[in-house]
Each structure stands twice: as structure tokens, then as C-alpha cells.
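What follows is a single structure, written as C-alpha cells, with notes after it.
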């Protein structure tokens, strides 16, 4: 039996088929890249939180962190470095701004990095140093961009860790952590309101001929940081909204340290032995005096 021939003519390949196949491949690549960045951001966030948790076991200020902290956090720094290297090629050029999903991991990493830097040096890490640190962890594919917005928001979050560090130290040692004595600043001809006016000094060894000034404590640094962050103009948009939200939390954190130090110092004699500051107490209404 002979096969019946179809009367329908064979359809010619559409000239648009290849174009839409290219679109499909590009969209698939976009979604795969986006998923890789989201996963990397989550892993960086988780590792950074573990670094911060270990750093909260430090009790001294202005010196290298103890060896057990270095050893415990080494694996988490390696995880962060591997994740940055894994997505470095995906966030080059315009893709650095096309995929904002990395911003959560960058902010958490910035919080851990700045907290570690402060514990060792009692100074605030600069944006350039933080950006270079991320670039050094990104490998040969190119640097992962740390935006100024992620840097600022990470510093805001770091204030909360300084609050926890201060409260824990007061509960453990009965005093607020303070750094080492520093040399008095030498008189220079530089403009005091210049570019470096608001930067913290770097620790230096004191000599017998150089009088030492009173060491700064965490609360004085928190107050100085609060002052600078409060005068920071973030503008509008999502970044401005995030800054205003985090600024409220930042003020509460500094207020908790002030309140805890007051309870420990002024009212310490009224408390029983073994009492620790309670930062969860609600603020009592102020009584007006005449």
C-alpha cells in the first residue's frame, strides 16, 4: 500500500527563530548568574555572622585578636574568599549594577571586617581599605565591587556589634573596654579641618619624653561615630530610607551603652554582688525639676 502524500507544504524555518533562541539562551544565562550571586551572598552572610559571633569572645581592645579567634575564623574567611572568587566573573562591568543581590553579603562582610579591624586597631577601617580587601579576595577574574552604600550600611550595623561587645565586657570584667594610652598629638601646620580631621589616630608607642593622653574607651568612639553618621546626608531613594532606618537603631545602641555604664558606675554600689547591666529595661519617663 502506497503512503499518501501530504498536501501540506513543508514550513520554511522562520528567520526569527534563531533570534529568539539567542534570547532564550541569554535569559537562561541571566537567571543562572542571578542564582549563583544569590547563593554566594547567602553564604557570605552566614560566614560573616559566624566571624562576628567568634569576635564577640574577645575581651581586649587595641591589640591582635587571640589565636583561638584567628584559628576559629580562618575557615569562614576562606569561605567568603571562595564565594567572591566564584561570582567575580559574573559581576564585572555593567553586571556589577545589574545584580544588586550581592549587596546583602557585602554589607554583612563589611560589618565583620570593620568589627575585626576596630578590635585590633581601635580605628574605623576606611572605604578604600575595605574595597581593596574585597578586591584581593576576588581572584583573577576581576574585583567584586564594594559600593560606598554597602560600606556605609555595614558601618551602621557594626555599631550594634560594638554595643554587644561593650555590654558583654562590662558584665564580665566590670568595666568598659578601653584602648592603650596614646601620645599627645604633635602640633602641625596642617589644617585641622582638612581631609584627615575626623580620622582616628593609629596606635603608637609612647616614650618617656612624650606625655600620654587618656586612652579612649568604646563609648567615646561610639559617640564620635554617632556624630559623624548623624551628619551624613544620604539623600533620597532606597539608600536614604535604609540609612534613616539604621540610624534609629544606631542611636538606640549607643544609648544602651550609656545607660549600662551609668548603671554600672553611678548605681553600682546599690546593686547586689554579681549584678550585670540590663539593657532590656524600658526607659522610665523623665521627671521635670524646677
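Numbering (the numbering used here), first residue to last: 32 to 321. Virtual Cβ for every residue (Gly too), placed ideally from N, Cα, C.
Asked	Found
Through-space distance from residue 149 to residue 82, alpha-carbon basis	14 Å
8 Å Cβ shell around residue 178 - same chain, five flanking residues per side excluded	134 and 137
For residue 265, the three-state DSSP class (helix, strand or coil)	coil
Complete runs of the alpha helix (DSSP H) confined to the segment 110–148 [at least 4 residues]	126–129
Limits of the alpha helix (DSSP H) - the one that residue 58 falls within	48–86
Strand pairing of residue 248, partner residues [DSSP]	209
Residue 97, DSSP secondary structure in three states	coil
Per-residue DSSP class, three states only, for residue 197	helix
Beta-carbon spacing of residue 161, residue 144 below 8 Å	yes
Cβ-based burial, residue 59 [other Cβ within 10 Å; buried from 16]	exposed
Pick from 211, 132, 251 and 261 that is closest to residue 279, judged by C-alpha positions	261
Limits of the alpha helix (DSSP H) - the one that residue 164 falls within	158–167
Validate contact between the segment 280–294 and the segment 244–257 using beta carbons, cut 8 Å, 3 pairs	yes
Residue 175 - DSSP class collapsed to helix/strand/coil	coil
At least three beta-carbon pairs within less than 8 Å, the segment 122–129 to the segment 182–191	no
Outcome for residue 252 when other beta-carbon atoms lying within 10 angstroms are tallied against a minimum of 16	buried
Reference residue 77, options 141, 172, 245 and 207, closest by Cα	141
DSSP-derived helix/strand/coil call for residue 271	helix
Backbone secondary structure at residue 170 - three-state DSSP	coil
Between the CA atoms of residue 111 and residue 205 - distance to the nearest angstrom	35 Å
Proximal residues to residue 158 (C-beta, below 7 Å), its chain only, five neighbours per side dropped	179 and 182
Residue 331 burial status per 10 Å Cβ neighbour count (16 or more: buried)	With the chain covering only 32 through 321, there is no way to say anything about residue 331.
Short Cβ contact (8 Å threshold) for residue 151 with residue 96	yes
For residue 153, three-class secondary structure by DSSP	coil
Straight-line Cα distance separating residue 147 from residue 51	50 Å
Residue 258 - DSSP class collapsed to helix/strand/coil	helix
8 Å Cβ cutoff met for residue 193 and residue 274	no
C-beta atoms of residue 176 and residue 119 nearer than 8 Å	no
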